[in-house]
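Undergrad: Handing you this structure, nothing more for now.
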Amino acid sequence: MKVRVVDDEMFATTAATALLVNLPPDRPRLGVATGGTPMRLYDELARRSSRGEIDLSGAVVIALDEYLGLADGDPHSYATYVDEHIAGPLGIPAANVHVPQGYGDDPAPGAAEFEDRIAEVGGVDVQIVGIGSNGHLAFNEPGSALDSLTRVVELSEQTRNDNARFFGGRVDAVPRRAITQGLATICRARSILLLAAGQTKAAALAAALRGPVGSDVPASVLQRHGDVTVIADRAAWSRMS
Ligand code: GLP
25 MKVRVVDDEM FATTAATALL VNLPPDRPRL GVATGGTPMR LYDELARRSS
75 RGEIDLSGAV VIALDEYLGL ADGDPHSYAT YVDEHIAGPL GIPAANVHVP
125 QGYGDDPAPG AAEFEDRIAE VGGVDVQIVG IGSNGHLAFN EPGSALDSLT
175 RVVELSEQTR NDNARFFGGR VDAVPRRAIT QGLATICRAR SILLLAAGQT
225 KAAALAAALR GPVGSDVPAS VLQRHGDVTV IADRAAWSRM S
């Protein structure tokens, strides 16, 4: 595991460098997390793209997860996030953007289909992940099987509380269910870039990287992956030293 602990102002540029060195030049397949932390990386990529320093318009984008129960085009959906912060600014056509989606009353087939879609595009070259304050990875909450695949999940109260900030502070507006790539699905990515910032992630990060590997701390599964780079700010790293 490679680790870079950085001051706040270096977070985005360090993450961008770590991402770009690991992305193949030809049709890179980029796995994206859609939290608050990676937004800084996407803004940095957008800046570099607008200056003509990078060209990721040929990339394939694959999202980790999506809420269930939001209308198409809902501003809180991860599909909207990917359009606004990643695909749009980087000039990636919609046909090359993949976000899990549940159809109608039964979202399970949509989840299974997404697992196949990842394989069809050839897998993920670099997967960007964050970590939940409860140790979740994507929406794999504590208790998730380490060999889990893309599926429908219930969100924990802690995750709904944490994410209420994206819903105007209203916990009741945060969906109760989601589709998420499983822990085994995520670990198939060739390389993983874990971004963690802020004191609220310190305990979860230490448990994930130093504690035993197990379902109680889903992000601990990353200890089993052979190519993980961690970018953390000093607050997130504070329980590690
Ligand atoms: C969310 C997302 C995860 C994300 C995590 C941390 O619930 N589903 O993919 O990594 O929580 O997000 P943030 O960076 O906003 O703290």
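Taking our numbering, the leading residue of the sequence shown gets 25, the next gets one more, and so forth. Even glycine gets a Cβ: it sits at the ideal position worked out from N, Cα and C. Being a predicted model, the structure only gives us computed values, none of them experimental.
1) For residue 107 and residue 250, what's the separation of their Cα atoms in angstroms?
2) In angstroms with no decimal places, state the Cα-to-Cα distance between residue 42 and residue 217.
3) Would you say residue 159 faces chain B, with C-beta separation under 8 Å as the test?
4) Out of 254, 260 and 85, state which residue places its alpha-carbon closest to the alpha-carbon of residue 144.
5) Below 8 Å, can you find three or more Cβ-Cβ pairs linking the segment 115 to 122 to the segment 69 to 81?
6) Hey, could you find the ends of the alpha helix (DSSP H) residue 71 is sitting in?
7) Between the alpha carbons of residue 128 and residue 182, how many angstroms are there, rounded?
8) Suppose contacts are defined by Cβ-Cβ distances below 8 Å. Is residue 229 in contact with residue 260 by that definition?
9) Label residue 53 either buried or exposed according to how many other C-beta atoms from any shown protein chain fall within 10 Å of its C-beta, with 16 as the threshold for buried.
TA: In this structure, then:
1) A direct Cα-to-Cα measurement between residue 107 and residue 250 gives close to 31 Å.
2) A straight-line Cα-Cα distance of about 8 Å links residue 42 and residue 217.
3) Here chain B cannot be found, since the structure has a single protein chain.
4) Residue 144 has its Cα closest to that of 85, out of 254, 260 and 85.
5) Contact between the segment 115 to 122 and the segment 69 to 81 is established, with three or more Cβ pairs separated by less than 8 Å.
6) The continuous alpha helix (DSSP H) containing residue 71 extends over residues 61 to 74.
7) So the two alpha carbons sit approximately 27 Å from each other.
8) Yes; because the gap between Cβ atoms is below 8 Å, this pair is in contact.
9) With 16 or more other Cβ atoms within 10 Å, it is buried.
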